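Reading through the structure tokens given below for one structure.
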Amino acid sequence: MMAKNSRLNKRLIVFVLVISAWCCVSASAASRGLHVVVTTSIIEDLVQNVAGQNATLTVLAGAHSDPHTYEPKPEDNVKIAQADIIFENGLYLEPWMDKLYKTSQSQAQRVVVSAGVPLIKSPNYRHEKAMASEYDPHVWHDVSNVRLMVKTIRDIFVKVDPPRAQEYQRNAELYDQALMELDQWIATQVAHIPQERKKLVTSHDTFEYFARRYGFTIIGTVIGSATTEASDPSALEMTRLIKEIRLSGIKTIFLENAANPQLVKTLAREAGIQVAPELYADALGASGTYIQMMRTNVRTIVEALQP
Ligand SMILES: [Zn+2]
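Note that numbering that gives the first Met the number 0 numbers the sequence shown so that position 148 is 147, with each residue one more than the last.
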């Protein structure tokens, strides 16, 4: 009798342990919120502003990584496999993403945040490899585009997590207000630069959206491509760009935080112009947030181009 009782007790204990373990897993699943993977640090900040505390965010190409040339790590497969939603820029900013998604066998919903943004064609598209978009992927340098991207992000969270719809809407609205102020602030700041000096030369084709929104002309880019994956310019291309720089009367060339600075420095030396502090192009770097990144870029540009 005693032996039978103790066997029963053992079974009961095992049963209770299994039940409590199951309870713990489902409780933590509920409290952890949505698992969200983002491809770049810029998208991470936009998604964080909408999601608030309701999602755990994992970024692949972080604040100091170049998303064009990012090489996925083995652990990225696990991150993608566990994700509920993946937010990506699209337009081949992340040429590694399709393969990563396929190999991870993820069931996550993929959201291209640039969908719905008015796109600019890449001026150097024909020179590029097959793994490139006809359109320039650097949409975030125009704040009015980011306002549309935030609406796309908001709509996804509202759809996936309806009980918190109001919170997502409120978060998105507050952030949109800040973006609107940023957009106006940039317009006031760049008005300090005389029109004939509103000319930019940078590492790669990153600032076309910025230029169109805020009234600048892109004189040229050192790599002559919308992706940092493109090969270095030939001697002939360098000579042509130096000629264009001299004709334009430009005195400064800008570095970018996630791109190779050597080419820019070489070009500046050969063209006899200055190298301005780096601009945040495709990653947040040390700037912290998207809004701070844009403010820092605009201050750098205004300071470098003012008479
Ligand atoms: Zn880029």
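We put the beta carbon where it would ideally sit given N, CA and C, even for glycine.
No experiment lies behind these values; they were computed from the predicted model shown.
In this structure, how does DSSP classify residue i when only helix, strand and coil are distinguished?
i                : result
glutamine 305    : coil
threonine 251    : strand
phenylalanine 86 : strand
tyrosine 134     : strand
isoleucine 222   : coil
lysine 158       : helix
leucine 199      : strand
isoleucine 217   : strand
leucine 240      : helix
isoleucine 92    : The displayed chain sequence assigns leucine, not isoleucine, to residue 92. Coil.
leucine 235      : helix
valine 110       : strand
alanine 210      : helix
leucine 283      : coil
histidine 67     : coil
threonine 299    : helix
serine 230       : coil
alanine 62       : coil
I'd like to confirm the pairing. Which residues does DSSP put opposite residue i in its beta bridges?
i             : result
leucine 246   : In DSSP, leucine 246 forms no bridge with anything.
leucine 56    : Val35
glutamine 312 : Within the shown structure, residues of the chain are numbered from 0 to 306, placing residue 312 beyond reach of any answer.
lysine 120    : Tyr134
leucine 178   : In DSSP, leucine 178 forms no bridge with anything.
leucine 278   : Glu255
Roughly how far, in whole angstroms, is the beta-carbon of residue i from the beta-carbon of residue j, given that I think they are within contact range, below 8 Å?
i              : j              : result
aspartate 65   : threonine 227  : 6 Å
alanine 164    : lysine 150     : The Cβ separation is near 14 Å, so there is no contact.
valine 142     : aspartate 182  : 4 Å
tyrosine 289   : aspartate 44   : 5 Å
serine 113     : valine 138     : 5 Å
methionine 293 : isoleucine 185 : 7 Å
Taking the straight line between their C-alpha atoms, what separation do you get for residue i and residue j?
i              : j                 : result
threonine 220  : serine 121        : 12 Å
proline 162    : asparagine 53     : 11 Å
alanine 225    : serine 132        : 9 Å
aspartate 75   : valine 46         : 19 Å
glycine 284    : serine 40         : 8 Å
alanine 275    : phenylalanine 253 : 5 Å
lysine 264     : glutamate 277     : 12 Å
glutamate 166  : aspartate 160     : 10 Å
leucine 262    : glutamate 269     : 11 Å
isoleucine 217 : glutamate 207     : 7 Å
arginine 211   : glutamine 194     : 13 Å
serine 25      : lysine 101        : Note that serine 25 scores 35 on pLDDT, short of 50, meaning its location in the model is unreliable; the coordinates nonetheless yield the value given after this. The straight-line gap from Cα to Cα measures roughly 28 Å.
proline 117    : histidine 203     : 21 Å
glycine 214    : threonine 205     : 15 Å
isoleucine 222 : serine 230        : 7 Å
leucine 266    : glutamine 273     : 10 Å
lysine 250     : lysine 242        : 13 Å
Answer yes or no: the CB of residue i versus the heavy atoms of ligand 3, is any distance below 7 Å?
i             : result
histidine 140 : Only ligand 1 can be found as ligands here, which leaves ligand 3 out of the picture.
Segment contact, 8 Å Cβ cut-off, at least three pairs: the segment 76 to 86 with the segment 100 to 118: yes
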